[in-house]
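Visitor: This is the structure, below, for whatever I ask next.
4 protein chains.
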Amino acid sequence: MTTEIELGRGKRGRRAYAFDDIAVVPSRRTRNPEDVTTDWSIDAFHFDIPVIGAPMDSVVSPRTAIMLGQLGGLGVLDLEGLWTRYEDPEPLLAEIASLPDEVATSRMQQLYSEPIKPELVTARINEIRAAGVTVAGSLTPQRTQELYQTVVAAGVDLFVIRGTTVSAEHVSSVAEPLNLKKFIYDLDVPVIVGGASTYTAALHLMRTGAAGVLVGFGGGAASTTRATLGIHAPMASAVADVAGARRDYLDESGGRYVHVIADGGVGTSGDLVKALAMGADAVMLGVALARATDAPGNGFHWGPEAHHAKLPRGRRVRVPQVGTLEEILYGPAAQADGTANLIGALRKSMATTGYSDLKEFQRVEVVVAPYDHR
Amino acid sequence: MTTEIELGRGKRGRRAYAFDDIAVVPSRRTRNPEDVTTDWSIDAFHFDIPVIGAPMDSVVSPRTAIMLGQLGGLGVLDLEGLWTRYEDPEPLLAEIASLPDEVATSRMQQLYSEPIKPELVTARINEIRAAGVTVAGSLTPQRTQELYQTVVAAGVDLFVIRGTTVSAEHVSSVAEPLNLKKFIYDLDVPVIVGGASTYTAALHLMRTGAAGVLVGFGGGAASTTRATLGIHAPMASAVADVAGARRDYLDESGGRYVHVIADGGVGTSGDLVKALAMGADAVMLGVALARATDAPGNGFHWGPEAHHAKLPRGRRVRVPQVGTLEEILYGPAAQADGTANLIGALRKSMATTGYSDLKEFQRVEVVVAPYDHR
Amino acid sequence: MTTEIELGRGKRGRRAYAFDDIAVVPSRRTRNPEDVTTDWSIDAFHFDIPVIGAPMDSVVSPRTAIMLGQLGGLGVLDLEGLWTRYEDPEPLLAEIASLPDEVATSRMQQLYSEPIKPELVTARINEIRAAGVTVAGSLTPQRTQELYQTVVAAGVDLFVIRGTTVSAEHVSSVAEPLNLKKFIYDLDVPVIVGGASTYTAALHLMRTGAAGVLVGFGGGAASTTRATLGIHAPMASAVADVAGARRDYLDESGGRYVHVIADGGVGTSGDLVKALAMGADAVMLGVALARATDAPGNGFHWGPEAHHAKLPRGRRVRVPQVGTLEEILYGPAAQADGTANLIGALRKSMATTGYSDLKEFQRVEVVVAPYDHR
Amino acid sequence: MTTEIELGRGKRGRRAYAFDDIAVVPSRRTRNPEDVTTDWSIDAFHFDIPVIGAPMDSVVSPRTAIMLGQLGGLGVLDLEGLWTRYEDPEPLLAEIASLPDEVATSRMQQLYSEPIKPELVTARINEIRAAGVTVAGSLTPQRTQELYQTVVAAGVDLFVIRGTTVSAEHVSSVAEPLNLKKFIYDLDVPVIVGGASTYTAALHLMRTGAAGVLVGFGGGAASTTRATLGIHAPMASAVADVAGARRDYLDESGGRYVHVIADGGVGTSGDLVKALAMGADAVMLGVALARATDAPGNGFHWGPEAHHAKLPRGRRVRVPQVGTLEEILYGPAAQADGTANLIGALRKSMATTGYSDLKEFQRVEVVVAPYDHR
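Sequences listed follow chains D, R, X and S, in order. Count the first sequence with UniProt numbering and you get residues 1 to 374, in order. Count the second sequence with UniProt numbering and you get residues 1 to 374, in order. Count the third sequence with UniProt numbering and you get residues 1 to 374, in order. Count the fourth sequence with UniProt numbering and you get residues 1 to 374, in order.
Okay, structure coming up:
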């Protein structure tokens, strides 16, 4: 089904495409941006916009989770981050933003070695739920068995299991691995799980009963992952592959629609448009939201891989603050670089290409046209 | 008919080419540059050169429209620009050229919020017509119904409807959209309409009765459109596709030849040559003419998207002033960068490849040879 | 025969390759560099190395023509350059090397407007012949009829007709064009003619009776030609195409072998190796020899297109001086950048890939492996 | 079997891929890094890690050969380097690290002109063997006949013959070339030989009876080799081709498994992962180990081609010192750039893609996804 390239006598591989390699093209119909809807629903939960704040301490705090919910999206709190390790992480977030580069990694390793406190997990979830928005929290596969009962008891609406690569079939000789299928079947709460970056991996995750699959090699900039691990799953192809798995699983399961959520590589409104064009139902945003003046990162952005003890595959990076969370989502934009008014840009793009809802927009025509940043 | 690439299981797309990706190659015959003609006619109007000044305030004023006409080309006045909003825009043009970068966008948004005055529309058209050159003015699809009667009554020779993307089938729930087919049928004046960037979109525009179609995603540099909207229609492929629509429509209509005008991506004489080589009948020039010392932009260039209220997709840019409008078109060129003597370069290119007129030159051989600017 | 790419509905084109896009790969056999021969013969003339100095004032003077001959190669004097316009051009060459950038073009236009003096043509040719080396001089197609009798009477061994693009079929309404076939037939001296950059153009040149064909779009850096004229003939493909014409013409003519000489794009020993690998019999070097401390350009390099009156497509460029002409050809090299010991590198490359003479080396395996200069 | 591209009428070539052009992608299974083994055996010798220190004076001294052995890998001493020319090379290594750039090449040419002393060959080998690690030394094909008896008598475990390109069929008119087949047959010690970069060259080397084949164009950065010789064998394709030869030779020989060792282009853990993914059994590391604070190069790196008398194809380069040899192999890594914790990264990559040993990992899925370093 896919075209393989011969790399040498012993090896073949597919050409894979990044968002930068592709672009959306207009077709014969156009629409008014006002006639476009950006609605998205997963399980019983409805959202005005297909935007999920990534479970990273620089992006989602209880406060920004509530803001994102009120702005029509969803914020996922990292239940293994500072908010469940410390009573009051605000001073620590401020400290991280003030650290000189050379000590940032070691100080963050120190901060994140504080144990997770189940009572804080409960408290944070309660705080978000009290605001009346949809509540979502994330755990890594490694900590899920230890903490999920606390999380469910506290009352999350959506449960996110997110790791670098999460497979339906994890092999371990040292511990009984998480049986995702049984775990999800037993749980009352819908589960979003990932990252997965291939058709097969995603299809297996869909068969576990997940409500949504995160597409991507979650965590760490593509450049550092590639330099350290040699691994790279260019996102345009990864999203299309997983969307293909969604279609095949829909048939195989007799009608279960598993949502495909692009998680990684979406830094601008142009990337967001392309992720949806390649077949994503929604996008999980990290750096794009960390650029908010009211984001918890205070102008910095980092993921869990930045403070890995022996093999850091990322680092704390300074990000430009381009406006409030609301301005980043709804404008007005002061600059034409795709960092603000993400939803305005999405509407304009859908209108220009003649589509009125996100599901239809997945069929928009794209071209391969590698872009030279110069 | 076109070769599609599999981007992933769920998605296919064509490879699209920019002018930078291609080059013209000489064939077995050569000619004297003196034996080459660059004539171009559309409807009853004849031009010595296939060059149209873009309807942008930094490029075409009544004065430069007249100059372009006298130099053998055509200037299209933006009938929604400063010249129809203010009695005397010259001081405002000078002010725009003197604004610091940080306030340019907001001051321009202010200036362009002044209402359009129908009497100024009439006055500007009269001024150009009085000089004895072909008169052309442009409106956006949004303002066409409001203003076209004033424009036609004032006596334009060519009517241009130009928007980001103009389709023959615009869908709107808030207002009755412009019925292009009926509008063009009822009008006595030939209409040039666009931008369109695909075969299908262009074919539908041709069926409305337009005399010419603008090829491109009009307005905004490719880089910013791509970052904000995720949209990009590389011009070499877009021109070839629309030229393909011209050929098919010629057959379908029993002989109506709709002119294909490349509008975007033509910044140098090399680009101009390639646009014609890919099948364009003429080119609409923006930045290439804004570089004239006597252009109204006074060393700056901007389009309507630069002062969009909520989603600016461009900005006022400083451009090098390389010579008078006449030198830009006919030389002599002081530098070998393709910014001056556009027509001399076109003649040399046609002569070197052995073609004697523009219609023949559309058959010239091209190669794919991506160019590294370093 | 060639694979075409669809660029759009109305247009197809081949992918063309530059020397930078390809590389030679070793095969199963290796040899001692001492067992390799770099001999080359054209007509009755034999050379130790397949290197021709380009007819450019910065590269070949009577003195360097003699040096190149004594070093085993061939120098072609530009018979329309300073040496046939002035009794003593040495002070003028020194002046050109001392001009500030901003006045270089205009002063050179002035210097080259001095008329050509037939008696100087005779004197220069005599000077070279007196040194006992093979004598070669070049004219443009435009001046050939006016000056060839002087050139032949003075006694050149090889006659070079070199222009931007030379075709066997030049069309002109203002003057009787040079009938190459008749001209070459009537001449007693073997003729090398070009540039040609396609199979068809080269095949027609071969049919005129030429002893050699120059491959390339002679004159002007690829970058400026591409920006100004939109023309680019990537050299690896061009050489292979013309080598294909050589093979087909050999069959068609019942055994006449026309030499293929790469003229352009050969700046390093790596490029020289690749030109021969793609099928060239010899290379014509410009900038590679202008880097000699004893080259007439005194650390500068320019071609006739640099002082074109209305459409300059190049300019005087400063080049690093890397050693004497002898060191550039035979080493020792102080740096590993391919600018010196061109012949040593060629020998090493032939030995490493197991070939013992240049004709065999045309069959060496090459790969497409675009090179990133960073 | 391989897809060829038409470069022009006279020439075809394959597209070849570098490590930078490809990436490994995760599949449906994941594992614990603890369950992964990186064992490798060649002949009777077993190693914990598939890492060989390259025979270069900046990488392997007797001391670092012992350290590498104790850390689970193998160090190969260059038996034509400073250690067999001087009684005490430490001051000379320190001097090389202190030389200004402009005199480095000439001083190194001087230092390496000192004759090789057979008694020092014996002494160095004895020193390494006394430490109880596997002993390996390398000679060039040119010096093998002169010195191999000394080497074997001193008691090496593995004999390495390493040159720019080593073929099974070297042709020489000046000296009787080394008959590899007879030489290896007569020798009691297993031989690793290379570089080879194509299927055919490697297959012929395998037929000589070698235990391992080095893949690469040994010596000199790809960039300088390409600029000087026009030769480039992109490593991803070269490793796959030679792995293909291994498979075919395994069948042809009725079961002899010849080890494929990537030698060149492996500068980071990401490259190491990709080399194994393309089919290598082990990697030979130069610059990656020269970055150790305890490497003999003292922060500099050079190969034999850097002090070639007439055609240097490399130079002494300064390299960042990123940690001890142990930290480079096993971490912890302070930076996410792939220069430290090579084995930790390999384990993580294998675990993430679900493979438990190196032989299985050769089957991991790869994609073509050219990487933009910006």
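For each residue, glycine too, the CB sits at the ideal point set by N, CA and C. Because the structure is a prediction, the values reported are computed rather than measured.
Does residue 182(R) pass the burial test, meaning 16 or more other C-beta atoms within 10 Å, or should it be called exposed?
Guide: That one is exposed.
Visitor: Would you mind stating whether residue 120(R) and residue 64(R) have Cβ atoms separated by less than 8 Å?
Guide: Against a cut-off of 8 Å, the Cβ pair of residue 64(R) and residue 120(R) comes out as no contact.
Visitor: At 9 Å on the CB atoms, spell out the chain S contacts of residue 257(X), in chain order.
Guide: The contacting residues do not exist; residue 257(X) stays about 14 Å from chain S at best.
Visitor: Secondary structure at residue 9(S), three-state DSSP: helix, strand or coil?
Guide: Coil.
Visitor: Going by the beta-carbon positions, is the gap between residue 193(S) and residue 231(S) smaller than 8 Å?
Guide: Contact flag unset, no.
Visitor: Listing by chain order, which chain R residues have their CB less than 8 Å from the CB of residue 22(D)?
Guide: Residues of chain R passing the Cβ test: 7 and 13.
Visitor: I'd like to confirm the pairing. Which residues does DSSP put opposite residue 300(D) in its beta bridges?
Guide: Looking at the DSSP assignment, residue 300(D) forms a beta bridge with 318(D).
Visitor: Starting from residue 196(X) and walking both ways along the alpha helix (DSSP H), at which residues does that stretch end?
Guide: Premise fails: residue 196(X) lies in the beta strand (DSSP E), 191–196, not in any alpha helix (DSSP H).
Visitor: How is residue 114(X) classed by DSSP in three states: helix, strand or coil?
Guide: DSSP places residue 114(X) in coil when its eight states are reduced to three.
Visitor: Give me the chain R residues within the contact set of residue 17(D), using Cβ-Cβ distance strictly less than 7 Å, ordered along the chain.
Guide: Result: 7.
Visitor: Which residues of chain S have a Cβ atom closer than 8 Å to the Cβ of residue 232(D), listed in chain order?
Guide: The contacting residues are 23, 24, 25, 367, 369 and 371.
Visitor: Name the chain D residues whose beta carbon is nearer than 8 Å to that of residue 167(S)?
Guide: Going along chain D, no residue has its Cβ under 8 Å from residue 167(S), so there is no contact; the nearest lies around 18 Å.
Visitor: Say whether chain D places a C-beta atom closer than 8 Å to the C-beta of residue 281(S).
Guide: No, residue 281(S) does not count as interfacial toward chain D.
Visitor: Identify the contact partners of residue 237(S) in chain D, using a Cβ-Cβ distance below 8 Å as the criterion.
Guide: Within 8 Å Cβ-Cβ: 7 and 8.
Visitor: Put residue 119(D) into one of helix, strand or coil per three-state DSSP.
Guide: Three-state DSSP puts residue 119(D) in a helix.
Visitor: Can you check which of these residues, 359(X), 317(X), 239(X) and 328(X), is closest to residue 11(S) by C-alpha distance?
Guide: If we check each option's Cα against that of residue 11(S), 239(X) comes out closest.
Visitor: Classify residue 1(R) as buried or exposed, calling it buried when 16 or more other Cβ atoms lie within 10 Å of its own Cβ.
Guide: Bear in mind that a pLDDT of 39 at residue 1(R), under 50, signals an unreliable position, so the number given afterwards is only what the model happens to contain. Residue 1(R) is exposed by the Cβ-count criterion.
Visitor: Under the three-state reduction of DSSP, which class applies to residue 56(D): helix, strand or coil?
Guide: Three-state DSSP puts residue 56(D) in coil, outside helix and strand.
Visitor: Leaving out five residues on either side along the sequence, give the residues of the same chain with a beta carbon under 7 Å from the beta carbon of residue 32(X).
Guide: Result list for residue 32(X): 351, in chain order.
Visitor: With 8 Å as the C-beta to C-beta threshold (strictly closer), list the residues of the region 101–122 of chain X near chain R in chain order.
Guide: Those would be 105, in chain order.
Visitor: What first and last residue would you give for the alpha helix (DSSP H) that runs through residue 183(X)?
Guide: Run containing residue 183(X): 180–186, per the alpha helix (DSSP H) assignment.
Visitor: Where does residue 19(D) sit, in a helix, a strand or coil, going by DSSP?
Guide: In this structure, residue 19(D) counts as helix in the three-state DSSP scheme.
Visitor: Take residue 211(S) as the anchor and find which of 45(S), 17(S), 21(S) and 7(S) has the nearest alpha-carbon.
Guide: Out of 45(S), 17(S), 21(S) and 7(S), 45(S) has the C-alpha closest to the C-alpha of residue 211(S).
Visitor: Span of the beta strand (DSSP E) holding residue 212(S)?
Guide: Per DSSP, residue 212(S) belongs to the beta strand (DSSP E) from 212–215.
Visitor: Tell me the start and end of each unbroken alpha helix (DSSP H) in the region 130–171 of chain S that is at least 4 residues and wholly inside, in chain order.
Guide: Counting only runs of 4 or more, we get 141–154.
Visitor: Taking 8 Å as the CB-CB limit, is residue 273(S) close to chain D?
Guide: Yes - at least one Cβ of chain D is within 8 Å of the one on residue 273(S).
Visitor: I believe residue 315(S) touches residue 105(S) by the beta-carbon criterion, under 8 Å. Please report the beta-carbon distance rounded to the nearest angstrom.
Guide: Indeed they touch by this definition, with Cβ atoms about 6 Å apart.
Visitor: My assumption, with CB atoms under 8 Å, is that residue 73(X) sits in contact with residue 42(X). Please give the rounded CB distance.
Guide: Not a contact, Cβ separation roughly 12 Å.
Visitor: From the DSSP output, read off the bridge partner residues of residue 282(R).
Guide: Per DSSP, 261(R).
Visitor: In the region 171–186 of chain S, which residues sit with their C-beta less than 9 Å from some C-beta in chain X, listed in chain order?
Guide: Listed by position along the chain: 171, 172, 173, 174, 175 and 177.
Visitor: List, in order along the chain, the chain X residues whose C-beta lies closer than 8 Å to that of residue 269(R)?
Guide: Chain X residues near residue 269(R): 227, 228, 229 and 230.
Visitor: Go through its chain and collect everything with a Cβ distance to residue 151(R)'s Cβ below 8 Å, but skip five positions before and after it.
Guide: Excluding sequence neighbours, residue 151(R) sits near 79, 121, 125, 137, 139 and 159.
Visitor: When the distance is taken between beta carbons, is residue 35(R) closer than 8 Å to residue 48(R)?
Guide: No, the pair does not count as a contact, with Cβ atoms beyond the cut-off.
Visitor: Give me, in chain order, the residues of the same chain whose beta-carbon lies closer than 6 Å to that of residue 234(D); leave out the 5 immediate sequence neighbours on both sides.
Guide: 16, 17 and 18, listed in sequence order.
Visitor: Since residue 303(S) and residue 56(S) are thought to touch, with beta carbons under 8 Å apart, how far apart are those beta carbons, to the nearest angstrom?
Guide: That pair is a contact at about 5 Å.
Visitor: Checking contacts by CB at 8 Å: is residue 337(S) closer than that to chain D?
Guide: It does: the Cβ of residue 337(S) has a partner Cβ on chain D nearer than 8 Å.
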